[in-house]
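Peer 1:
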Amino acid sequence: MDDTDRTLEQLLAGLTAVREGNLDIRLPEDAGGLPGNIAAVFNGMVAQLSLVTTEVTRVAQEVGGQGRLGGQARVPPPVGGVWRELTDGVNSMADNLTSQVRNISQVATAVARGDLTQKIRVDARGEILELKETINTMVERLSSFAEEVTRVAREVGTDGKLGGQATVHGVSGTWMDLTNNVNSMADNLTNQVRNIAQVTTAVAEGDLTRKIDVDARGEILELKTTINTMVDQLGSFAAEVTRVAREVGSEGRLGGQAEVADVSGTWRRLTENVNELAANLTGQVRAIAEVTGAVARGDLTRTVAVEAPGEVGELKDNINAMVESLRATTRANEEQDWLKTHLARISGGIQGRRDLTTVARLVMREVPPLVHAQYGCFFLSQDGPEGAEGTGGAELVAIASYGLPDDPASGPRRFRPGRSPVGQAAADHRILVVEDLPPGYAPVVTGTGSADPSALIVLPIVFEGQVLGALEFASLRPLAPLHRAFLEQFTELLGVNVSSLTANARTDELLERSQRLTAELSARSGELQARQRELQRSNAELQDKAALLADRNRDIERKNHQIEQARQELEERARELARASLYKSEFLANMSHELRTPLNSLLILAQLLAQNPEGNLTEKQADYAAVIHSAGSDLLQLINDILDLSKVEAGRMDVHPEPVALQRVLDYVDVTFRPVADERGLEFTVSGAPSAGEGLVTDEGRLRQVLRNLVSNALKFTRTGGVSLRVRPAAPHEVPDPLRGTGPVLAFQVVDTGIGIPAEQLESVFDAFQQGDSGADRAYGGTGLGLSISREVSRLLGGTITAESTAGQGSRFTLYLPEHDGRAPDGEAADGAGGKQDEGTPAAGLAAPVDDEGLRDRTVLLVDDDPRNVYALTEVLKSAGMQVLSADNGEAGIRLLAAHPEVGLVVMDLMMAGLDGYATTRAIRAMPGHAELPVVVVTAKAMPGDRTEALAAGASDYVVKPVAPDRLLTALRTWLAPR
């Protein structure tokens, strides 16, 4: 074998050893030549491979065995090629593994420290990538679980929001068990706390029937038991206190006591306080009830004497003060009622009498017993005889007396002004009172003994500064203040009556004197004419008797002068009568205003109460309101009757003839009185003959007024049977004499089966304030003005009224009316009460105001200085859906109108202080943009001319108080309607 083969064998053995992983083998390098070079190269390759293997093994042991990351295989520079690439690949693998493991370690360490915000973000592939994704998913789920558990803990433990649940998606195992345990704990705590909260809330709201019924253990169970026991005790306490409160406050059973068992402390003290309160309240309320009950029965002598502090003490004092005020008010009302009743009674007796002596005797017959006087004397001022005590003049002459022991043969007592107390009182125009009269002064002598009067009063009868007479009264006791007030008011009233009677007597005397002088003048004139004819026939006789004629002429001139003086006196008396009539008209106008103003609010509010729209009044209370409304309507009718009577007496009642549909008048009578007849169980018929009244021309309003009075009287005085109204043409033989020759005449016959009228009293029923029998007014009521007014109105219409009656069988009143009035029809409406306006009165019905589109949400300005009327009218307008602004005077109304352009209508009163309704209306018309603003006058002024004056001032409409709500709303609806 040569060297080459030996070298190749050595190389083969070395290569085989390297293949088998033995890197310790070396080839001998001592051979020269090519084998030596091969050996050197082989040994260098094995050495580099051994170095690379050692470094890689070291790095693998550090990373894989020892867990030391970050190691690197270090190979000297001579190593290159594949070995360098292998080394770099191992180092790159070590670097990647180091960064991946370290990143995983950082995330795991953060999770261990509770930081769930870290993620593995290093690049990875394969199984390392799966490990990275698994760990990141685990961290996300741990973070979600921690957030949910933290949220539930914060809501329950910190925010107090119960019912929360932890919701963690994608977890299982221990994490799912832990989540379920947390949710179970939250559910239990929520149920327990909510149940406790429900029970405590119910207790706070007063519901003591709830109990804690949720399952609980430990301290929660103890809390549950404590609260349930507290609720039971509170329920028992509340039931007892409620029972006592209901018995005392609702059922009115006083004296009850709360009995609560097994309570102590605050509950026991509270129970005892409630019982003490109930006992005190029982004593106080019973004492107050006794006093108020006594007041309700009319006993005003009782007062509340129980001890009571605080507001109950104030109530006690107020009730005692109320009782004292009621006592004083009742006494004052009784005195005023007594005063007004007797003034009206005696004044009514004086009315209609024309003889002063008769009036004086009536006064002496009625007044002294009324004021408990034993002596009385009526003195009348008369002209004294010429030459008496050197001069003539007025003197006071006794024309009637009461209880005076004077001998009639000695003549009446006479006193001049300034002489004696009677004359001095007349001279001073003042009341003279003398008390503690000396013994023997005018002793009162009777059949059983005598006594001296202790008081004397002299009252001058004065009218417009002129003494007309005097009244003297003597009494055994001092006059009571009420009696003295009566005498003062009666004397003022008597002055008006005496002045009127004196004026009437003087007028009659002057009229008689004028007639006598006229007759004498006529006779003188005839004689003169005869003389003149004789003078014409004989000039000679004329010359002879020229002197006689001159004397006659002078005599005639003297007579003419006397007649002129008489005429001037008549004119003066006429002016006095006109002035007295003016005073009377002004008095009636003021009376009408002062009565209608409170009547307006009374009737409106009574009507609203009677309608009871809210249903908060009992039926009896609504009936009370209806009775008040009916009484007010009766008072309004009386006012209208008095105004009509005054206009008739003054000759100022207007009549406006126009064509009249008779059937419409009959329908009005039927609709008005049939309900009254049905209520009284009377038969009522209204009929008209065929073709009767087809050409009737008259004042329809006045005709209705007459028929209304006649039918109303017939129904009032008829208890059984019936009342009928029949209209037919009057037969020629039955037409009254004053109507003969006036053309066709209609007969309106009102027939009843009532009490009838005695024949001797048949004519007197037509006098004012008369009702036939003196007891009729007491039995049937009324003023006795209706027939008097009806007869005067029928005369104004050109007709007349006749009456036929049999006592106990019934009456028949017949209105004879010409079909043609003979005057031109007049379309103007009458002013004031009694005209066509009085057909709609507040008594026409109790219909409730209707809320319609024409009035709803419209704004109205109410100007009235009477708060009662403002309140009543505001309620009516608001009930119709209107917006109401109010002002209590004209200036305030103008300012309010200027500030509220939405006002669509003004309701104006006329009689106001300061700027009255007339001036306010003129001022509104002068305001820019308000020339056409509707202004509806609602006023109590109801005298002739008032309506014309209001319309002339700029008013759009005129409504008289009291006004019915439907009448007012109809007027407003008319003026607010689109034009």
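Once you know that position 961 of the sequence shown is 960 in numbering that gives the first Met the number 0, the rest is easy, because the numbers rise by one and skip nothing.
Note that beta-carbon positions come from the ideal geometry of N, C-alpha and C, so glycine has one too.
Quick check: the region 217-227 against the region 245-256, are there 3 or more CB pairs under 8 Å?
Peer 2: no
Peer 1: Would a C-beta distance cut-off of 7 Å place Asp-751 and Val-722 closer than the cut-off?
Peer 2: In the sequence shown, the residue the question calls residue 751 occupies position 752. In the sequence shown, the residue the question calls residue 722 occupies position 723. Yes, Cβ-Cβ distance for Asp-751 and Val-722 is below 7 Å.
Peer 1: Compute the Euclidean distance between the alpha carbons of Leu-7 and Asn-42, then round it to the nearest angstrom.
Peer 2: Translated into positions along the sequence shown, residue 7 becomes position 8. Translated into positions along the sequence shown, residue 42 becomes position 43. Roughly 14 Å separates the two Cα atoms.
Peer 1: Look at the alpha carbon of Val-62 and the alpha carbon of Gly-69, and state the distance between them as a whole number of angstroms.
Peer 2: As a first step, residue 62 is located in the sequence shown; it is residue number 63 there, counting from the start. As a first step, residue 69 is located in the sequence shown; it is residue number 70 there, counting from the start. Taking the straight line joining both Cα atoms gives about 8 Å.
Peer 1: Given that a residue counts as buried once 16 or more other Cβ atoms are within 10 Å of its Cβ, and exposed if not, what is Val-81?
Peer 2: For the purposes of this step, residue 81 is taken as residue 82 along the sequence shown, with counting starting at 1. It is exposed - the Cβ of Val-81 has fewer than 16 other Cβ atoms within 10 Å.
Peer 1: By the 10 Å Cβ neighbour count, where 16 or more other Cβ atoms means buried, how is Asp-176 classified, buried or exposed?
Peer 2: Position 177 of the sequence shown, counted from the first residue, corresponds to residue 176. The residue is exposed, with fewer than 16 neighbouring Cβ atoms inside 10 Å.
Peer 1: Residues in the same chain with beta-carbon distance under 7 Å from Leu-761, minus the five sequence neighbours each way, listed in chain order, please.
Peer 2: Numbered from its first residue, the sequence shown carries residue 761 at position 762. Counting only Cβ-Cβ distances below 7 Å, and skipping sequence neighbours, we find Ala-802, Ser-804.
Peer 1: Confirm, please, whether the CB-CB distance from Ala-441 to Ala-473 is below 7 Å.
Peer 2: To locate residue 473, count along the sequence shown from 1; it is residue 474. To locate residue 441, count along the sequence shown from 1; it is residue 442. Cβ atoms of Ala-473 and Ala-441: closer than 7 Å.
Peer 1: Is it buried or exposed, Thr-356, if we count other Cβ atoms within 10 angstroms and call 16 or more buried?
Peer 2: As a working note, residue 356 is residue 357 in the sequence shown. Exposed.
Peer 1: Closest to Val-659 by C-alpha separation, out of Arg-673, Gly-297, Arg-701, would be which residue?
Peer 2: Numbered from its first residue, the sequence shown carries residue 659 at position 660. For the residues Arg-673, Gly-297, Arg-701, the minimum Cα distance to Val-659 belongs to Arg-701.
Peer 1: Below 6 Å CB to CB, which residues in the same chain sit around His-819 once its five sequence neighbours on both sides are set aside?
Peer 2: Counting from one through the sequence shown, the residue named residue 819 turns up at place 820. Only Val-696, Gly-742 meet the Cβ criterion.
Peer 1: On a CA-only basis, which of Asp-427, Pro-420, Arg-429 is nearest Leu-436? Give me that one, please.
Peer 2: Your numbering for residue 436 matches position 437 in the sequence shown. For the residues Asp-427, Pro-420, Arg-429, the minimum Cα distance to Leu-436 belongs to Pro-420.
Peer 1: Do Val-883 and Leu-854 have their beta-carbon atoms positioned less than 7 Å apart in this structure?
Peer 2: Against the sequence shown, residue 854 aligns to sequence position 855. Against the sequence shown, residue 883 aligns to sequence position 884. Contact flag unset, no.
Peer 1: Rounded to whole angstroms, what is the Cα-Cα separation between His-899 and Asp-864?
Peer 2: As a first step, residue 899 must be located in the sequence shown, where it is residue number 900. As a first step, residue 864 must be located in the sequence shown, where it is residue number 865. Rounded to the nearest angstrom, the two C-alpha atoms are 20 Å apart.
Peer 1: Hey, could you find the ends of the beta strand (DSSP E) Phe-747 is sitting in?
Peer 2: Counting from 1 along the sequence shown, the entry for residue 747 is found at position 748. 744-751 is the extent of the beta strand (DSSP E) around Phe-747.
Peer 1: Considering just the uninterrupted stretch of the alpha helix (DSSP H) at Ile-756, what are its terminal residues?
Peer 2: One-based indexing of the sequence shown puts residue 756 at position 757. First-last for Ile-756: undefined, no H or E at that position.
Peer 1: Kindly list the residues whose CB is nearer than 8 Å to the CB of Asp-915, restricted to its own chain and excluding five residues on each side of it in sequence; keep chain order.
Peer 2: Taking the first residue of the sequence shown as 1, we reach residue 915 at position 916. Within the same chain, Asp-915 has close Cβ partners Gly-889, Leu-909.
Peer 1: Flag this pair as touching only if the region 203-215 and the region 168-175 have three or more C-beta atom pairs under 8 Å; answer yes or no.
Peer 2: Between the region 203-215 and the region 168-175, the count of Cβ pairs shorter than 8 Å is below three; the stretches do not touch.
Peer 1: Nearest-angstrom Cα distance between Pro-964 and Val-875?
Peer 2: Along the sequence shown, one-based indexing puts residue 964 at 965. Along the sequence shown, one-based indexing puts residue 875 at 876. Rounded to whole angstroms, Pro-964 to Val-875 spans 6 Å at the Cα level.
Peer 1: Can you say whether Ser-885 is buried or exposed, counting buried as having 16 or more other CB atoms within 10 angstroms of its CB?
Peer 2: Taking the sequence shown and counting its residues from 1, one reaches residue 885 at position 886. By the 10 Å Cβ count, Ser-885 comes out buried.
Peer 1: In chain order, what residues of the same chain have a beta carbon less than 6 Å from the beta carbon of Phe-414, not counting five sequence neighbours either side?
Peer 2: Residue 414 sits at position 415 when you count from the first residue of the sequence shown. The residues are Leu-395, Val-421, Gly-422.
Peer 1: Keeping to the same chain, check which residues put their C-beta closer than 7 Å to that of Thr-329; ignore five residues upstream and five downstream.
Peer 2: Taking the sequence shown and counting its residues from 1, one reaches residue 329 at position 330. Here the set comprises Leu-299.
Peer 1: To the nearest whole angstrom, what separates the beta carbons of Arg-790 and Ile-800, a pair I think is in contact under 8 Å?
Peer 2: For the purposes of this step, residue 790 is identified with residue 791 of the sequence shown, where counting begins at 1. For the purposes of this step, residue 800 is identified with residue 801 of the sequence shown, where counting begins at 1. Right, their Cβ atoms sit about 5 Å apart.
Peer 1: If you draw a straight line from the C-alpha of Leu-814 to the C-alpha of Pro-737, how long is it?
Peer 2: Stepping through the sequence shown from its first residue, residue 814 is reached at position 815. Stepping through the sequence shown from its first residue, residue 737 is reached at position 738. Rounded to whole angstroms, Leu-814 to Pro-737 spans 13 Å at the Cα level.
Peer 1: What first and last residue would you give for the alpha helix (DSSP H) that runs through Thr-973?
Peer 2: As a working mapping, residue 973 is identified with position 974 in the sequence shown. Residues 964-975.
Peer 1: To the nearest angstrom, report how far apart Asp-186 and Val-110 are at their CA atoms.
Peer 2: Translated into positions along the sequence shown, residue 186 becomes position 187. Translated into positions along the sequence shown, residue 110 becomes position 111. Taking the straight line joining both Cα atoms gives about 29 Å.
Peer 1: Leu-665 and Gly-694: beta carbons closer than 7 Å?
Peer 2: Counting from 1 along the sequence shown, the entry for residue 665 is found at position 666. Counting from 1 along the sequence shown, the entry for residue 694 is found at position 695. Result no, Cβ atoms of Leu-665 and Gly-694 do not sit closer than 7 Å.
Peer 1: Kindly indicate which three-state DSSP category Gln-164 falls into: helix, strand or coil?
Peer 2: In the sequence shown, the residue the question calls residue 164 occupies position 165. Coil at Gln-164, not helix or strand.
Peer 1: Entirely within the region 16-50 and at least 4 residues each: give me those alpha helix (DSSP H) ranges in chain order.
Peer 2: Taking only runs of at least 4 residues, no alpha helix (DSSP H) segment lies wholly in the region 16-50.
Peer 1: If you draw a straight line from the C-alpha of Arg-551 to the C-alpha of Arg-557, how long is it?
Peer 2: Start at 1 with the first residue of the sequence shown, and residue 551 comes out as number 552. Start at 1 with the first residue of the sequence shown, and residue 557 comes out as number 558. About 10 Å.
Peer 1: At which residues does the beta strand (DSSP E) containing Glu-803 begin and terminate?
Peer 2: Your numbering for residue 803 matches position 804 in the sequence shown. Glu-803 -> beta strand (DSSP E) spans 799-805.
Peer 1: In the DSSP output, what is Arg-413 paired with across the bridge?
Peer 2: The count along the sequence shown starts at 1 and reaches residue 413 at position 414. Answer is Val-396.
Peer 1: What is the rounded straight-line gap between the Cα of Gly-13 and the Cα of Leu-50?
Peer 2: Within the sequence shown, the letter at position 14 stands for residue 13. Within the sequence shown, the letter at position 51 stands for residue 50. Spanning the two alpha carbons is a distance of roughly 17 Å.
Peer 1: Does the distance from the CB of Met-907 to the CB of Val-934 come in under 7 Å?
Peer 2: As a position in the sequence shown, residue 907 is number 908, starting the count at 1. As a position in the sequence shown, residue 934 is number 935, starting the count at 1. Against a cut-off of 7 Å, the Cβ pair of Val-934 and Met-907 comes out as a contact.
Peer 1: Which whole-angstrom value is the C-beta distance of Val-89 and Val-121, which I expect to be below 8 Å?
Peer 2: Along the sequence shown, read from residue 1 onward, the residue named residue 89 stands at position 90. Along the sequence shown, read from residue 1 onward, the residue named residue 121 stands at position 122. Not confirmed; about 19 Å, so no contact.
Peer 1: Suppose you measure from the CA of Gln-335 to the CA of Arg-344; what does that come to, to the nearest Å?
Peer 2: Residue 335 sits at position 336 when you count from the first residue of the sequence shown. Residue 344 sits at position 345 when you count from the first residue of the sequence shown. Their Cα atoms are separated by approximately 14 Å.
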